[in-house]
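Please read the structure below before turning to the comments.
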Ligand SMILES: [Zn+2]
C-alpha cells in the first residue's frame, strides 16, 4: 500500500482510493442472500420479511440500542441511534445482547454533538449547521461548516429541480475534518478502512464524511464536493444506504458535483462550467472521438455490473463514463435522470440487483438499447470536446 501523502499525486490515485465508499459491509449479506437463495431455492426477499426489532449491542465497551434491519445466519445488520450501520454476529453474546424494550429513536442534534465531543476530545470542536455537525480542530472558523452546508443545499436544489424525490434525513449529518492526512489515516485504520492516497471519503457504515485540512486545498475541496454528494444522496433518499445501488449511479452523481462551479449558489449557471474536465479528459484519452465500439461496450458493462470499478486500468474509465451518463441525463433528459434515481432508491432493501434486471430497467427508462444510448452520448461528448 502506498504511503499516505497530504496530496494525492495524481487524479487516478484519487479516483482509485474512492473504492471504499459504498455498502462494503453488506457484501457479506448480499452474498449470503444469493447463497441462501440458491441453496434454499427461496426468493431472496422472503428472508428479510420479519419486521425490524430493537436490539441492544456492545460496541467496544459502550452499550447501545439500535434497529436490526436484517439477520441471516452469522450476520445481523443494525442501525444505531446515531445513524451508523453495524455488522454484528448474533451468536456472540458479548456483542449481540438481544431484544430491547421500546421504540427506535434517532439521537437528537444536541445528544449526538455531546457524543462526538466525547469521541474526539479537547482538541476538536463540534460546529452545528442546519443539517450538519462538523467536527474540526478548534479555532478553524466557519470555512468547513459553510462548505458542507452549502454543498448539501445545492445538491437538494439540483435534485428537486429535476424531479428526483428528496426527503429530509433522520439524522444530523456528521463531517469530520482532521488537522492533517496522518490523523485522518489513523482514523481510517481504526475503522478498518483500507484506503490510501485520498483527500477524503464518505463512509456508508459510519455515515460520515472524513477529510483533512492540509495540503492542496483545491483538490481536497473537489473531493469533498464529490464525497458530500454521496452523503447528501444517501441521507436524502436519492440513494438508499441498504440497497444494492449500481456504482455507476452513485459515482456518476459524485463526479457530477466535483467541478468548482457546482459549489457556488447558482450551481454553475453557465453550462460549460458544470463539465467535469477531469472525466472528459479521461474519456478523450481512452476513447478519442468515440468512433469505435469500445465505448459502447464499456458503457454496457457498467450498466450490467460493477466490475469495471474493480481496479486498474478500467476504474478511471468507469468513473468517467459514469459521469458522462449522469451529466448527459441531467442536462438533456432530466426525466430519465430522475427515473433512474427514483427507481434505484425505491428497490427493496438487501436485495441483490441482478444483471438482467439492471440492463432491463436501464433500457426501459432510457427508452432504447445501451448501444443506442451510447451513440447519443458519444455525439453529446463530441460536442463537449469541441
Ligand atoms: Zn465516490
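Residue numbers (this note's numbering): 618 to 1003. Beta carbons: idealized from backbone N, C-alpha and C, even for Gly.
7 Å Cβ cutoff met for residue i and residue j
i, j, result
"residue 859", "residue 966", "yes"
"residue 991", "residue 873", "no"
"residue 694", "residue 686", "yes"
"residue 906", "residue 875", "no"
"residue 801", "residue 829", "yes"
"residue 704", "residue 692", "yes"
"residue 765", "residue 749", "yes"
"residue 759", "residue 714", "no"
"residue 913", "residue 996", "no"
"residue 934", "residue 903", "yes"
"residue 952", "residue 983", "no"
"residue 688", "residue 707", "yes"
"residue 840", "residue 817", "yes"
Residues that DSSP places opposite residue i in a beta bridge
i, result
"residue 716", "672"
"residue 688", "693"
"residue 826", "792 and 819"
"residue 965", "Looking at the DSSP assignment, residue 965 forms no beta bridge with any residue, so it has no partner."
"residue 682", "673"
"residue 900", "In the DSSP output, where bridge partners are listed per residue, residue 900 has none listed."
"residue 1004", "The chain is shown only over 618 to 1003; residue 1004 falls outside these bounds and no answer can be derived."
"residue 741", "754"
"residue 749", "790"
8 Å contact criterion, which residue i and residue j should meet: CB distance rounded
i, j, result
"residue 786", "residue 852", "4 Å"
"residue 863", "residue 975", "6 Å"
"residue 717", "residue 671", "5 Å"
"residue 782", "residue 854", "6 Å"
"residue 856", "residue 962", "6 Å"
"residue 740", "residue 754", "6 Å"
"residue 943", "residue 870", "6 Å"
"residue 844", "residue 826", "5 Å"
"residue 773", "residue 886", "No, residue 773 and residue 886 are not in contact; Cβ-Cβ is about 17 Å, not under 8 Å."
"residue 969", "residue 811", "So it is not a contact: roughly 24 Å between Cβ atoms."
"residue 789", "residue 697", "The pair is not a contact, with the Cβ atoms about 14 Å apart (cut-off 8 Å)."
Selection from the options that minimises the alpha carbon distance to residue i
i, options, result
"residue 971", "669, 995, 998 and 920", "920"
"residue 792", "768, 899, 774 and 1003", "768"
"residue 795", "865, 771 and 743", "743"
"residue 877", "838, 849 and 899", "838"
"residue 945", "896, 914, 925 and 774", "896"
"residue 711", "699, 679 and 735", "679"
"residue 747", "996, 986, 810 and 762", "762"
"residue 681", "699, 669, 689 and 690", "699"
"residue 797", "809, 814, 788 and 918", "814"
"residue 835", "688, 880 and 1001", "880"
"residue 999", "908, 969, 947 and 928", "908"
"residue 899", "980, 923, 930 and 889", "930"
"residue 730", "752, 720, 719 and 709", "752"
"residue 865", "689, 770, 735 and 940", "940"
"residue 1009", "1002, 958 and 978", "In this structure the chain extends from 618 to 1003, so residue 1009 is not present and cannot be described."
"residue 937", "888, 868, 831 and 981", "868"
"residue 918", "949, 973 and 890", "973"
"residue 947", "994, 734 and 840", "994"
"residue 981", "1003, 1002 and 956", "956"
"residue 605", "734, 724 and 889", "Residue 605 falls outside the range modelled here, since the chain spans only 618 to 1003, and no answer is possible."
"residue 728", "719, 720 and 745", "745"
"residue 831", "978, 910, 821 and 799", "799"
Any chain D beta carbon closer than 7 Å to residue i
i, result
"residue 833", "No chain D is present in this structure, which holds just one protein chain."
heavy atom of ligand 2 below 6 Å from residue i C-beta
i, result
"residue 726", "Annotation note on ligand 2: not contained in the displayed structure, which lists ligand 1 as its ligands."
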